[in-house]
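> After the C-alpha cells below, expect a handful of questions from me.
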Amino acid sequence: MDKAMELVKSFGLPRLIITLFLLALFVIAPFAGINVASSVTDVLGRFGQNAIMVLAMVPMIHSGCGLNFGLPLGIISGLLGATLAIETGIQGPVSFLLAILYSTPFALIFGWGYGKLLNRVKGSEMMIATYVGFSSVAFMSIMWLILPYHSPTMVWGYTGQGLRTTISTEGFYYHILRDTLNLRIGNLSISFGEIIFFALFAFIIWAFLHTKTGTAMTAVGSNPVFARASGINIDKQRTLSVIMSTWLGALGILCYQQGYGFVQLYQGPMYMAMPAVSAILIGGASVNKANITNVIIGTILYQGIVSMTPSVMNSLIHTDMSEVLRIIVSNGMILYALTRKTGASR
Amino acid sequence: MKKEITSKDVRKFLANNIVPIIFIVLCAVCIPIAGYSGQYLVDQIITRIVRNSFLVLSLLIPIMAGMGLNFGMTLGAMAGQIGLIFVTSWNVVSIPGLLLAAIIATPIAVLLGWFCGKMLNMAKGREMITSYMISFFMNGVYQLIVLYGMGALIPIHSNRVILPRGYGVRNTVDLLDVRKSIDNFWSIRLFADENGMGGLTIPLLTLILIAILCVIIIWFRKTKIGQDMRAVGQDMEVAREAGIKVERTRILAIIISTVFAAYGMIIYLSNMGTLNTYNSHSQIGMFSIAALLVGGASVSKASIKNVFLGIILFHLMFILTPQAGRNLIGQAQIGEFFRVFVSYGVITLSLVLYEIRTRREKAESAQTLAIEQKEAQA
Amino acid sequence: MSEMTNTLLEMQNVSKEYNGNPVLKDVNFTLKEGEVLGLVGENGAGKSTLMNILFGMDVIQQTGGYGGKVLIDGKEVKFASPLDALKAGIGMVHQEFSLLPGFTAAENILLNREPENKSVLSLVFGDRANTIDRKELQKEAIAAITKLGVELDPDMLVSEMPVGHKQFTEISREISKSAIRLLVLDEPTAVLTEKEADMLLKAIKNLANQGIAVIFITHRLQEILDVCNKVIVMRDGRIIRELDAASTSIPEMAKLMVGREVSTDKPKAESDGRTISDKIVLSVKNLWVDMPGETVRDVNIEVRDGEILGIGGLAGQGKLGIPNGIMGLFPAGGKVVLNGSEIPLNNPRACLDSSLAFVSEDRRGVGLLLDESLEWNIAFPAMQIQNKFLKNYLGGLIKWRDQDAIREVTQKYINQLQIKCTSSLQKAKELSGGNQQKICLAKAFALEPKLLFVSEPTRGIDIGAKALVLQALREYNKKHGVTIVMISSELEELRQICDRIAIITDGSVSGILPAERPSEEFGILMVGKSKKEAM
C-alpha cells in the first residue's frame, strides 16, 4: 500500500487522474460508436502539430526562467517567417523551408531582447513573460494592418491593404509534413513525416543538454549560485535558453500551420502559450525541471483529452462541454504546478 | 523648510511617474487628432469614472497587504454577474434588483476570495502569476456552471436569460430592468439646452457610493486589520514574529477585494445595461489593472489618487484612439488594436519598471557601502 | 547593587543534548533584579542554547527538552513557547533586526500591540475593525524610549534610520511590553558605532537602575567591564568561571574563553616532514568585501607556498568574507596577486581559471546542486573550467559530456574520501551533511587547484566525519603540495592542522601567529586587542 502511494506520489496525482481519464475515454469510445482508429489518428495528428511548441518550454525551464508564458513572441517570429514566405509566392515544400529560414533571424533577435529583459527581472519572469507575450501580439496586430504585404492570398480583397485574419497554407506548405511518409491502415493513419520532424528537434535538444553548454544551462536552472561560483555566466546561459525557446516557438507554429492549414494572425497567438505550458506540466515537468519525455507524454495526454472528450461526450450526453473542461484541466494543471511546495525550492 | 529642486529630483520624479507622463502626452497628442468636443469628453469621462472606479478601488487592499495586483478580481466580477443573472431571471427590477444581486453575490465572492487567498498562500512570492492563473481556472468553472449548470441543475427558467435549448445562459443578457437604476435614481443635469437635453448628466447616487467606498478604504487603513495588512505586506516574517496571523490576514485581504469587485461589477454592468456573459469579467480584470497602473500605482504601492487619475487617463486614451486612428490613417481598427496594445503594454512596462527599480535600490545600497569602506580606508 | 534585592532568575543544573551530543552541562547561576550579567564564550560554547531554553523556544521541545531547573522568583517554570516567557517578563533582542522598514519607530515598537479605539463598526466586524489610537500609540512609544533613556524620533521611518537607532527601536519594543523584568541582549553593540555603543551601554545601566535585570552577550570584553556586575564565561557547554566584573581583566576572560591547552611545541611542517618555502604564492592587499554580516575592511595577508594557513575569528567579524570576496561571490575591492599575476576581482571565472578553488561554507546554497547526481556535482566545475570529462566531436565544435570519465572520477573520490552513498547517481540532497561536505571537497579536488580555500569545512557535521574531512585536507596538502587556506570558527581545529593562523577582528587582521602558540594569545587577538608584535 505504501509502495503504491509512493508510486502515485512520484507520478503525480493529477497526471495519474488525467492518464486514467484518457484511458477511460478510449475504453468508452467504441461503445459510444466512435472509431478508435480515427481517434488515434486525430491524437497523433495533433501531437505532430503541437509537440514542438511544447518542446519550446524545455530550454527556459532548464535555465531557471520558468514556464515560457512568452511563447507568443516565438510564434510571432514564426508568423513573420510564414507571411514573408507566402509573400514570395514560391509554392510547395520550398515555402516551408523559406518560412523557417525567414523566421529564424526574427526569433534570434526577439529571443535575445526578451532574454535580456528576463535577466533584469529575475524572480518574476513568468508574470512578465505573460505580458510580454500579450503586448507583442497586440503590437503585431497593428503591424499586420500596416506592413506592406501584397500577396493576394494574404491581403484583404476589398481594400487591398492589411493582412487577413486567417491565411490558408493551401498550395504553400499545407500538410507538407503530414503527408510525408504517411502510413495508412484502414482508418488509422500515422504521419511519420511529422513525427520524424519532431524527433529531429527533440534529439537536437536532448543532445544539446548533453554538451558542455547544455550542462551549464541545467546547472544554472538547478542552482544559480552554484553555477556562478563555478564560473558560469548566468545571464548568458539564460539568454541563450530564451533564444532557443523562442526559435522553437517559431518552428512550432510553422509546424502547427502545416497541419492545421491556416496561418492565424492578429489575436490568434494570444493564448497559445497556455496549452503548451499545461501540456508539459501534465507530462510531469515542474516549474524548474523538464525533459523530452515530459514533452512527449504531456503532449499526447493533453491532445488526447482535447480531441477525445468532445467526441465521446457528444455521443454520450449530446452536449459538448469539452472546451470548458479543457480550460479547467489545463489551467488547473498550471495552478497545481505553481502552488506546489517542491516547485518553489529553486 | 524649503527644499531646493535639483535636476536630480526632477529626474527622479520623471522616473517614478513615467507611466502617467507617457499617458498624459499620449492623450494630449490624440485629443486634437480625434477632434471630439470638450463637453463630449467630459461627459464620457464621468461615465467611465462612474462605471469603473468601484472596480479599480477593489484592487487597493491586496496591494496594501503586499500581494501585488490582484488578477483574481475577475472572481469577484464573476460573482457579481451570477447575482445579476439571478435577479434578471426573477424579474426583480430597479434598485431592489441590484441590492438583491449584491446579496446573492456576496457569499459567492467570499467563497471565491477564500479559495483564491488559500491558493496564494501556497504560492508566496509568485502571487500575481498565480492569481492570474486562478482567474483563468475559475473562468472554466464559471462557464461550466453558467453554460451547463444553469437551467439544468440550477433552476432558472426565464426565457430572457436561458438559451432556447433549455439550459445555459445566453451570450448577452439584457439588463434593462436594472439599467442605470442607481445612476438615474438621483442625478442632475448640467449645461442642458432648453429641452432638457444634452449637457452633462451627473449621477449623484453612484458618485456618493463611490465616495463612501473611498472613505471606507481610508478608514480601513486606520484600523487594526489595515495596520496588520501593511505589516504583512512589508515583511511576513517580522509580522509573524510579532504575533500577527499572516495567512489569515492575507486571505482576508483577498476576500475583501473579491467582494468589492463583485459590487463593482454590479455597478459597472448596471451602467452598461448588458451583460456579456462569457466575456465581461475577463476583460474587466485587465482594464481595471491597466487603469490603476496608468494612474501611477506600482505593484507595491497604490492610492485612491492613482485610481481616479488612472481611470481618467486610461479611458480618455480608450475613447480617443479609435477616432484618432480613423482620422490619421483612415482605419478605426488600428486605434482599437492600439488601445489593446497599450493596455497590455502598460502592465508590462509597470511590472518591468517595478522589478528594475527594486533591483537598483538594492545595488545602490551595496554601492554606498563600498564607497564608505573606501573612504574609511583612505 | 544592594544585598536586599531579590533573586529573579536561577538556573540549577541545566543541561541539554542534541541527538546524544551534550551541548550544555550543569549550568548553574543566579541573577538578581537590576543586575547586569555578562555572558561570554566562543561560538558554539552553548550561549544560544542556554537562551533558547530560557525562552522556551520550539527547537528545545522538538529535540527532547532539557535537564535541570529554571526558577523565576524561586518558583520553577517550564515555558512551552516564547509567548510564555514574554508573559513572565522576559524579553530578548536578537542580533538580526525584526523591524518593518516602512513603519515608524513608534509603529514598530508597538507592532501588533497597538492601542485601539472601539467604534460602532467593530461591533459588526469584530475587534480587528477597531481603529488605531495614534495619539496613545505615540505616547506609549515615547514612554518606552524615555525609559530606555536614548534619543530616538518616534516618527522616523525605520528605513531611514541609522543602524543604531534600529537597535534602539528594537530594545524599546521589548521594554514597552508590560512587566518586562529581564532583558537579554545578544551582541547588541556589534553593528553600532562607538558613540551609539556608548549610548546603549548608558541605557543598559539606566534600565538596571530601574530594577530590570539584563543578560548581556558580547564579544567586546571592554564593554563587559564597563557595564556588568558579573561575568559568566562559557566553553564547551559549561560555565568555566563566574567572575566579578570589578576584579577581572580582559586577558583573564580571553584566556578562559579559549581555554584548552594542546601540546604543540614544534612547528607542524617540521614534524610532518613537509617543506614550506618562503615564496609568497598569494598576496592580498587592502581587500574589502561587502558580504552581509561578514564585512571585510582592509585585509592584508600573504600566503606561503605549500602551507596551510588558518583564518579564525569570531562569527560576524569578517573571516568568511575573505574567501567569498576573493572568489568573486560578493562585491569586493583591493588587490589580489597569485604567483606574481594580479587576479581580477568580482569575476569567479577568472579565479577558477588561475587555479584557485573554493569550498564554500554554504554547502546547500552555494556548494551543491542538490537536485542533481553526485557525478554532476563533482565533475561540473572541472568540466566547465578546464574542459575535462568531455569528448570532442567535429573538431571540438561539439563538446559532449563523457559519462564514463565522469563516473570514473566520481567513483575515485567516493572511494578516496569514503563517501557513503548508494551510487554515484544518487542526488546530492539525499546525503548526510558530512558526506555532502566530502562531495564539496571532491569537487574542488577535481579542479586540481594550486591554492584551495576551504571555508568552515566541519560546520554542522558529526565528529567522525570531521576527523575524516580534516585528514583529507592534510593529506591533499602533503601529497600534492597544494597550499590551503582554511577558514574556521573553531580555533582548536585550526591549531590542529594549520601552520599559521590569522585572526580577523572587525573586518581586518588583528594578528597572525604560528599555530603552536598558546591559545590564550589567539583569544586576546579575537576580542580585538591588536597584537601585531606577536608575529
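Chains as they are written, first to last, in this note's numbering: chain A, 1 to 346; chain B, 347 to 724; chain C, 725 to 1259.
No residue lacks a Cβ here, since even glycine has one placed at the ideal position from N, Cα and C.
#1: Starting from Asn1071 of chain C, trace the beta strand (DSSP E) in both directions and tell me its first and last residue.
#2: Let me check understanding here. Comparing Cα to Cα, which of A:Gln258, A:Ser191 and A:Thr153 lies closest to Thr88 of chain A?
#3: Applying the 10 Å Cβ sphere with the 16-neighbour rule, what's the burial state of Gly1184 of chain C?
#4: What is the DSSP secondary structure of Thr153 of chain A, reduced to helix, strand or coil?
#5: I need the straight-line Cα distance from Ala207 of chain A to Ile232 of chain A, nearest angstrom please.
#6: So, helix, strand or coil for Val986 of chain C, using DSSP?
#7: Quick check: is the beta carbon of Ala469 of chain B nearer than 8 Å to any beta carbon in chain A?
#8: Quick one: list the residues of chain A neighbouring Lys1144 of chain C, beta-carbon separation under 9 Å, in chain order.
#9: Closest to Gly70 of chain A by CA distance: which of A:Gly284, A:Pro275 and A:Val295 is it?
#10: Could I get the ranges of all uninterrupted alpha helix (DSSP H) runs contained in the stretch 1123 to 1185 of chain C, with 4 residues as the minimum, in chain order?
#11: On the DSSP letters alone, give me the boundaries of the alpha helix (DSSP H) that Met321 of chain A sits inside.
#12: Can you grab the Cα-Cα spacing for the pair Gly1089 of chain C / Ala709 of chain B, in whole Å?
#13: What does the alpha-carbon distance come out to for the pair Leu778 of chain C and Gln736 of chain C?
#14: Which ranges would you report for the alpha helix (DSSP H) in the stretch 565 to 642 of chain B if only whole runs of at least 4 residues count?
#15: Excluding the 5 residues flanking Met1259 of chain C on each side, which residues of the same chain have their C-beta closer than 8 Å to its C-beta?
#16: Mind checking if Phe359 of chain B is an interface residue toward chain C, Cβ cutoff 8 Å exclusive?
#17: Taking DSSP as the reference, what is the three-state secondary structure of Phe892 of chain C?
#18: Work out the CA separation of Val592 of chain B and Thr342 of chain A for me, nearest whole Å.
#19: If we count the other Cβ atoms within 10 Å of its Cβ and call it buried at 16 or more, is Tyr790 of chain C buried or exposed?
#20: For the candidate residues C:Lys1151, C:Leu733, C:Gly1049 and C:Arg1131, whose alpha-carbon lies nearest to that of Ser1097 of chain C?
#21: Please determine, among C:Leu1121, C:Asp922, C:Leu931 and C:Ile1211, the residue with the shortest C-alpha to C-alpha distance to Gln1041 of chain C.
#22: May I ask you to list, following chain order, the residues of the stretch 889 to 900 of chain C that have a beta carbon less than 7 Å from some beta carbon of chain B?
#23: Give me, in chain order, the residues of the same chain whose beta-carbon lies closer than 8 Å to that of Leu316 of chain A; leave out the 5 immediate sequence neighbours on both sides.
#24: Report all residues from its chain with a CB closer than 8 Å to the CB of Gln934 of chain C; omit the five preceding and five following residues, and keep chain order.
#25: Have a look at Thr309 of chain A and Ile61 of chain A and give me their C-alpha separation to the nearest angstrom.
#26: Which of the three DSSP states is assigned to Tyr336 of chain A in this structure?
#27: Would you say Glu701 of chain B lies against chain C (beta-carbon separation less than 8 Å)?
#28: Exposed or buried, what is Asn832 of chain C when buried is set at 16 or more other beta-carbons lying within 10 Å of its beta-carbon?
#29: Taking 8 Å as the threshold (C-beta atoms), are Val760 of chain C and Ile938 of chain C in contact?
#30: Below 8 Å on the Cβ atoms is my guess for Gly641 of chain B versus Leu659 of chain B; work out the distance and round it to an integer in Å.
#31: Tell me the DSSP secondary structure of Thr1207 of chain C in three-state form.
#32: Closer than 9 Å by beta-carbon distance: list the chain C residues that pair up with Gly589 of chain B, in chain order.
#33: Pull out every residue of the stretch 219 to 236 of chain A whose Cβ sits closer than 9 Å to any Cβ of chain C, in chain order.
#34: Decide if Trp532 of chain B is buried, meaning its Cβ has at least 16 other Cβ atoms within 10 Å, or exposed.
#35: What's the C-alpha gap between His175 of chain A and Gln49 of chain A?
#36: Which residues in chain B have a C-beta closer than 9 Å to the C-beta of Thr1283 of chain C? List them in chain order.
Reading it off the structure:
#1: Annotation for Asn1071 of chain C: no beta strand (DSSP E) segment contains it, and DSSP assigns it neither H nor E.
#2: A check of alpha carbon separations from Thr88 of chain A across A:Gln258, A:Ser191 and A:Thr153 identifies A:Thr153 as the nearest.
#3: Classification of Gly1184 of chain C: exposed, given that the 10 Å Cβ count is below 16.
#4: Coil, per DSSP.
#5: Their Cα atoms are separated by approximately 20 Å.
#6: With a pLDDT of only 49 at Val986 of chain C, under the threshold of 50, the placement of this residue in the model should not be trusted; the figure read from the coordinates follows. Note: Val986 of chain C maps to coil in three-state DSSP.
#7: Yes, Ala469 of chain B lies at the interface with chain A (some Cβ there is under 8 Å from its Cβ).
#8: Residues of chain A passing the Cβ test: none, with the nearest at roughly 22 Å.
#9: The residue with the shortest Cα to Cα distance from Gly70 of chain A is A:Pro275.
#10: 1127 to 1140 and 1157 to 1170, all fully within the stretch 1123 to 1185 of chain C.
#11: First-last for Met321 of chain A: undefined, no H or E at that position.
#12: Looking at the two C-alpha atoms, the distance is approximately 21 Å.
#13: Roughly 12 Å between the two C-alpha positions.
#14: Unbroken alpha helix (DSSP H) stretches of 4 residues or longer found wholly inside the stretch 565 to 642 of chain B: 570 to 580, 582 to 587, 592 to 618 and 626 to 640, given in chain order.
#15: Here the model assigns Met1259 of chain C a pLDDT of 35, short of 50, so the residue's position is not dependable, and the following value carries that caveat. Excluding positions up to five away in sequence, the list reads Gly1235, Ile1236 and Leu1237.
#16: No, because no Cβ of chain C sits closer than 8 Å to the Cβ of Phe359 of chain B.
#17: It is helical.
#18: Residue placement at Thr342 of chain A is poorly supported in this model, since its pLDDT is 49, which falls under 50; the coordinates still yield a value, given next. Those two C-alpha atoms are separated by around 21 Å.
#19: That one is buried.
#20: That would be C:Lys1151, whose Cα lies nearest to the Cα of Ser1097 of chain C.
#21: Each of C:Leu1121, C:Asp922, C:Leu931 and C:Ile1211 was checked against the Cα of Gln1041 of chain C, and the nearest Cα belongs to C:Ile1211.
#22: So nothing in the stretch comes that close.
#23: So the qualifying residues of the chain are Ile28 and Ala32.
#24: Closer than 8 Å at the Cβ level, and outside the excluded window around Gln934 of chain C, lie Gly758 and Lys871.
#25: If you draw a straight line from the Cα of Thr309 of chain A to the Cα of Ile61 of chain A, it is about 29 Å long.
#26: Note: Tyr336 of chain A maps to helix in three-state DSSP.
#27: No, Glu701 of chain B does not count as interfacial toward chain C.
#28: Buried, since its Cβ has 16 or more Cβ neighbours within 10 Å.
#29: The identity of residue 938 of chain C in the sequence shown is Val, whereas the question assumes Ile. Yes. Within cutoff.
#30: Contact flag correct, Cβ pair sits at about 7 Å.
#31: Three-state DSSP puts Thr1207 of chain C in a strand.
#32: For Gly589 of chain B, the chain C residues whose C-beta falls within less than 9 Å of its own C-beta are Leu807, Leu835, Asn836 and Arg837, listed in chain order.
#33: Result list: Ala219, Ser222, Asn223, Val225, Phe226, Ala227, Arg228, Ala229, Ser230, Gly231, Ile232 and Asn233.
#34: The residue is exposed, with fewer than 16 neighbouring Cβ atoms inside 10 Å.
#35: Going by the C-alpha atoms only, they are around 10 Å apart.
#36: Any property of residue 1283 of chain C remains undetermined from this structure, which presents chain C solely from 725 to 1259.
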